[in-house]
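Read top to bottom, the protein sequences are chains A and B. Heads up: the first sequence begins at 770 in our numbering, then just goes up one per residue. Heads up: the second sequence begins at 235 in our numbering, then just goes up one per residue. Note that the Cβ used here is the ideal one computed from N, Cα and C, for glycine as well.
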Amino acid sequence: MRFSSYFWLYLSITLWGCSGRPGHVENIKVKGSDSEVNVVLSIAEAFMDQDPNVSLAVTGGGSGLGIAALINGKTDIANSSREITTEEMELARLQGIHPKAMVFATDALALAVHPSNPINELNLAQLSAIYRGKIKNWQELGGPDLAISKYGRQSNSGTFVYFREKILKADFAEDVISMNGTAQMVESIKQDASAIGYVSVGYLEDSKQHLISGIKVLKIKAHPDSLAISPTPLVNITSGKYPIVRPLFHYTNGFPKGKTQAFLAYELSQKGQKMAVEAGFAPVSSKYQSLNQKMIGR
Amino acid sequence: MKSIRARRQEDRFFGRLFFITAVLSVVILLAIFGMLVINGLHLFKDVSISDFLFSSNWNPGAYKHATYGVLSLLTSTLLVTFGALIIAVPLGIGTAAYLSEIAPSRLREVLKPIIELLAAIPSVTIGFIGIVMTGPIIARTFGLENGFNALNGSILLSIMALPTIITVAEEAIRAVPNSYKEASYALGGNKFTTLMRITLPSAFSGIIAAIMLGVGRAIGETMTVLMATGNAAAMPHGFFDSVKTMTATIAIELGEVAYGTTHYYSLFAVGSLLFIMSLFFNILAEYLAARYRIKTP
């Protein structure tokens, strides 16, 4: 008797739950760049708050993973902190996938060292030489006699690829320690007096855009004789003075429709851009305007 | 009461059912091995076997020329596993001997479950300890810049292999017949002599099995070494070098590859090699265990 009454109660609650669903919920999978995952997640949460009929699942894993997932049909939006390669475009075409790009924010890569390191600035040539293994000791740069511990990202990271294509223009030295995520890298640099690592500047700032403690951010010179620029404050990035900046991409299969498009439009809206800035990124540069407008259909 | 016929039928039915479950694991094993090898073999259309096995440059996503030399990954895996054994075997066998021969039974009852609980710690937690604790301690102790090296991986893997080694070795030592020990005592041997000269050698086959199971645990462990060893693909020259093991390579890179590329197949080739290695250690364990098994009269 008691069991059957519980049973009916259970059944009616279940049925009520089904009937009470407010229409159809659309699930959108977003996958890729570790540099993008936090900011996209916070924008997605705000988007879901205003539209209960959409559910976004945002995960990281690296830009390479996101693009591979798009090619293999396993994600709706691929986050990528680098441009899709021609090989990947070719693979996508073979799978019947047509990647379309959008840029939603600008990211500056900061070079972080231990606070005890007396070096304050580097130029791009020195940076490249360090990561190619040509400069091995801080002494060669006027610092202490300490072998440089180079921290990098794992090879499926867009940051890894961007850094290699744009700064090194060659392979990384084989002894670069590869970290599986930005947070791990930051923790490691805090504990290593000889460390240098490249990190999205958003990860080095707290919610008020102050640099976190335990880490020193280097000023970077584009050329040996140009001015050394810090990636903070924001104006150094938006003005284009800081030399290591990159666009943050989304890729979709074909031009997006429906809720996916609505989400991408939300990211480009004032609200979305403000959240990107709060997360430590710069707003999307105006040169991507026409690309973006095609994407959101305006 | 069922008829004889019905009972026989029931026996036959369950006999077959359990035969199928027994065969199933063999089928699964063969299927996995087959899938690894078939995919792995595709690699050798683009890369020669000797380049794969004997070159130490692993850089499939290179800026210009991709290279698929597994030697440094293989060396890393063996180095980390070997280090883990150097730490875990004496500790494990010592503990097992203490538990089975020396410890009062009440203490054993407390210690054994606690040691087994060690196996319940998720590998990602151990890896985290490697980043925030053992790594910095290693760096400070040996005056290194950081603790992302093979030694860190070995220490963490030894922690993970310990419960397996202790549990299996303890059972093997306890299985040594009392008559052996009594004979030793009768000849005037003390506890220590008896343990070293009689009990441990008699339990040798079981201890070898314990060690090999520990090797299996260490060689296949992924998350911990991925987090703690720094994953630099260079050929390691010692325990203070950062290493990238085969398991970590597969875990890191399988996410980024598109299906059907050389890189994709190369990861299957690495997986096949890993499989063959653990198969080898398992067979070796079986062989040694059989060879040194005590023949009870």
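Query                                                                                                          : Result
Distance CB(B/L394)-CB(B/I442) smaller than 8 angstroms                                                        : Checking the sequence shown, residue 394 of chain B turns out to be Met, not Leu. Not a contact, by the Cβ cut-off of 8 angstroms.
Helix, strand or coil at A/K1040 [DSSP, three-state]                                                           : helix
Residues in the region 383-417 of chain B having any Cβ partner in chain A nearer than 7 angstroms             : none
Helix, strand or coil at A/E760 according to DSSP, with G and I counted as helix                               : A question about residue 760 of chain A goes unanswered here, because the residues of chain A that appear run from 770 up to 1067.
Pairwise C-alpha distance: B/L396 and B/L325                                                                   : 8 angstroms
Distance between beta carbons of B/A330 and B/S392, contact taken as under 8 angstroms                         : The pair is not a contact, with the Cβ atoms about 15 angstroms apart (cut-off 8 angstroms).
Interface partners of B/S476 on chain A, CB under 8 angstroms                                                  : D944, I946
Segments of 3+ residues assigned as beta strand (DSSP E) that fall wholly inside the region 235-299 of chain B : none
Straight-line gap, B/F426 to A/T828 (C-alpha atoms, nearest Å)                                                 : 57 angstroms
6 angstroms Cβ shell around A/V794 - same chain, five flanking residues per side excluded                      : N822, S824
The region 377-388 of chain B in contact with the region 458-477 of chain B per 3-pair CB rule at 8 angstroms  : yes
Burial state of A/G1027, where buried means 16 or more other Cβ atoms lie within 10 Å                          : exposed
Beta-carbon gap between B/G440 and A/S924 smaller than 8 angstroms                                             : no
Contact set between A/D940 and chain B, taken where Cβ atoms lie within less than 7 angstroms                  : N293, A296, Y297
Min CB distance B/N273 to chain A below 8 angstroms                                                            : no
In DSSP terms, what A/H1019 is bridged to                                                                      : A/N848, A/M871
Cβ-Cβ separation, A/V799 to A/T844 (assumed contact under 8 angstroms), whole Å                                : 7 angstroms
Unbroken alpha helix (DSSP H) run spanning A/G835, endpoints                                                   : 832-840
Between the CA atoms of B/L287 and B/N424 - distance to the nearest angstrom                                   : 52 angstroms
Reduced DSSP category for A/D914 - H, G, I as helix; E, B as strand; rest coil                                 : coil
Whole-number beta carbon distance between A/I866 and A/G842, since they are thought to touch under 8 angstroms : 7 angstroms
Below-8 angstroms beta-carbon distance, B/M367 vs any chain A residue                                          : no
Cα-Cα separation, A/A815 to A/I984                                                                             : 31 angstroms
For B/I266 and B/E335, believed in contact at Cβ under 8 angstroms, the rounded distance                       : Going by Cβ atoms, the distance from B/E335 to B/I266 rounds to 40 angstroms, so no, they are not a contact pair.
Classification of A/H883 by the beta-carbon crowding that lies within 10 angstroms, buried from 16 upward      : buried
Residue from B/L421, B/K415, B/A437 whose Cα sits closest to the Cα of B/E405                                  : B/A437
From A/L896, A/E909, A/T854, A/S926, residue whose alpha carbon lies closest to that of B/L488                 : A/S926
Proximal residues of chain A, C-beta to C-beta of B/N380 below 8 angstroms                                     : S918, I946, S957, Q960, D961, S963, A964
Interface flag, A/I840 vs chain B, CB-CB below 8 angstroms                                                     : yes
Partners in chain B for A/R1015, counting only beta-carbon separations shorter than 9 angstroms                : Going along chain B, no residue has its Cβ under 9 angstroms from A/R1015, so there is no contact; the nearest lies around 17 angstroms.
Cross-strand partners of A/I989 (DSSP beta bridge)                                                             : A/L891, A/I998
Backbone secondary structure at B/T311 - three-state DSSP                                                      : helix
Chain B contact for A/R790 (CB, 8 angstroms cutoff)                                                            : Any reading at A/R790 must be qualified, since the residue scores a pLDDT of 48, below 50, and its modelled position is unreliable; the value itself is stated next. Answer no: the Cβ-Cβ gap between A/R790 and chain B never drops below 8 angstroms.
Contacts of B/P370 in chain A (Cβ-Cβ under 8 angstroms)                                                        : Q960
Proximity test, Cβ basis, 8 angstroms: B/A503 and chain A                                                      : no
Cα-Cα separation, B/I254 to B/E244                                                                             : 15 angstroms
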